[in-house]
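Residue numbers (my numbering): 1 to 299. So the structure is just underneath, and the comments pick up after that.
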């Protein structure tokens, strides 16, 4: 939550040295509060003050970057529950799932070729989700890395395979979806060593809050949250709880949400994902009959 000018003033040295360009520390604090000055402009500000102001300036839902370069996508960073309160800053990223037993090169060609123009805006797939189902998972990841510049989600319960695929995408900030958060310490170590975003999976907002707090305590905050349910009503309820709690300062829930559809009613569940707080939506296949309406809704 943002600090007021007086709260910022209490963190300053109160020397009125004028080195920041302001006549008094209070005047400087007011400028920092309105984001027209930075705490770095104060030469005598303590590390504690800089840390507190940095934490206060963070949005309640952490901004997570996936991918690299011009094709990178930012997720999260939201500050409201409803668009009319301010705005939603980042649209839901839509991913298409591929299996490692598929003809990955052929399907990648279909995905990269998919593009529509609507009211002057280019609509396309944002992300690839690679799922391990018994094929050459690492080899498929290498094929994707060679033909796709955008973000990649790696979906695999085998940590060794997950590490190998993440190494194939090193420098691309991939998303790791292990499907379970039982070995949280090992998964955090994997995410740290490969510089990847880790998906935490839990049955409820309460469980995800605990996992988020533990992961942060272990030193990793590049996280996404996923509810372990296929119930549309449960997802709607729990994702609403997550957003409201995050906006009220519940740190363990202050991360973007991922929603993966596999066998559900794509249209209804997809609408819930886009309208109710999913930052990433994973679809099971490239089907224009489902994808185009969801891209249109997202606009």
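Glycine included, every Cβ here is placed at the ideal spot set by N, Cα and C.
Out of 292, 122, 117 and 169, point me to the one whose CA is closest to residue 137's CA. Closest option to residue 137, Cα to Cα, is 169.
Could you tell me which residues DSSP pairs with residue 99 in its beta bridges? Looking at the DSSP output, residue 99 sits in a beta bridge with 131.
From 50, 8 and 224, residue whose alpha carbon lies closest to that of residue 34: Ranking the options by Cα distance to residue 34, first place goes to 8.
Can you give the Cα-Cα distance for residue 210 and residue 99, rounded to whole angstroms? One C-alpha to the other measures close to 31 Å.
Three CB pairs or more closer than 8 Å across the region 218-230 and the region 255-265: Because the criterion of three Cβ pairs below 8 Å is met, the region 218-230 and the region 255-265 touch.
Between which two residues does the alpha helix (DSSP H) carrying residue 289 extend? That run of the alpha helix (DSSP H) goes 288-298.
Is there contact between the region 118-134 and the region 179-187, where contact requires at least three CB pairs shorter than 8 Å? Counting C-beta pairs closer than 8 Å gives fewer than three between the region 118-134 and the region 179-187, which falls short of the contact rule.
Okay, do the region 240-255 and the region 48-68 touch, 3+ Cβ pairs below 8 Å being the bar? Contact check between the region 240-255 and the region 48-68: three or more CB pairs, one atom from each, fall below 8 Å, which counts as touching.
Three or more C-beta pairs under 8 Å: does that hold for the region 105-125 against the region 152-166? Flag = no, the region 105-125 and the region 152-166 do not touch.
Residue 74 - containing beta strand (DSSP E), residue span: Segment 73-75, the beta strand (DSSP E) holding residue 74.
Quick one: using the 10 Å Cβ neighbour count with 16 as the cut-off for buried, is residue 6 buried or exposed? The Cβ neighbour count for residue 6, taken over all protein chains shown within 10 Å, is under 16; the residue is labelled exposed.
Below 8 Å between beta carbons: does that hold for residue 204 and residue 238? Yes. Within cutoff.
Sequence-distant residues of its chain with Cβ nearer than 7 Å to residue 51 (five each side left out): No residues qualify anywhere along the chain.
Separation of residue 233 from residue 287, as counted between CA atoms: Going by the C-alpha atoms only, they are around 24 Å apart.
Within this structure, are the beta carbons of residue 77 and residue 150 separated by less than 8 Å? No, they are not a contact pair.
Enumerate, from N- to C-terminal direction, the unbroken beta strand (DSSP E) stretches of 3 or more residues contained entirely within the region 28-85. Fully enclosed beta strand (DSSP E) runs of no fewer than 3 residues occupy 64-66 and 73-75 of the region 28-85, in order along the chain.
If I follow the unbroken alpha helix (DSSP H) through residue 139, where does it start and stop? Where residue 139 is concerned, the enclosing alpha helix (DSSP H) stretches over 137-147.
Between the Cα of residue 198 and those of 174, 206, 218 and 213, spot the shortest distance and give me the residue it belongs to. Of the listed residues, the one whose Cα sits closest to residue 198 is 174.
For the ligand GTP, any of its heavy atoms closer than 7 Å to the Cβ of residue 181? Among the components of this structure there are no ligands whatsoever, and the ligand GTP is therefore not found.
Should residue 49 and residue 39 be called a contact, given that it needs their Cβ atoms to be closer than 8 Å? Closer than 8 Å, so yes.
From 241, 190 and 242, residue whose alpha carbon lies closest to that of residue 218: Closest option to residue 218, Cα to Cα, is 190.
Kindly indicate if chain D contains any beta-carbon less than 8 Å away from that of residue 58. Absent from the structure: chain D. Only one protein chain is present.
Who are the near neighbours of residue 282 in its chain, counting only those whose CB is closer than 6 Å to its CB and skipping five residues on each side? Taken in chain order, the residues that qualify are 95, 97, 129 and 260.
With distances taken Cα to Cα, identify the nearest neighbour of residue 10 among 72, 241 and 29. Cα-wise, what sits closest to residue 10 is 29.
Since residue 117 is in the beta strand (DSSP E), which residue starts that stretch and which ends it? Run containing residue 117: 116-118, per the beta strand (DSSP E) assignment.
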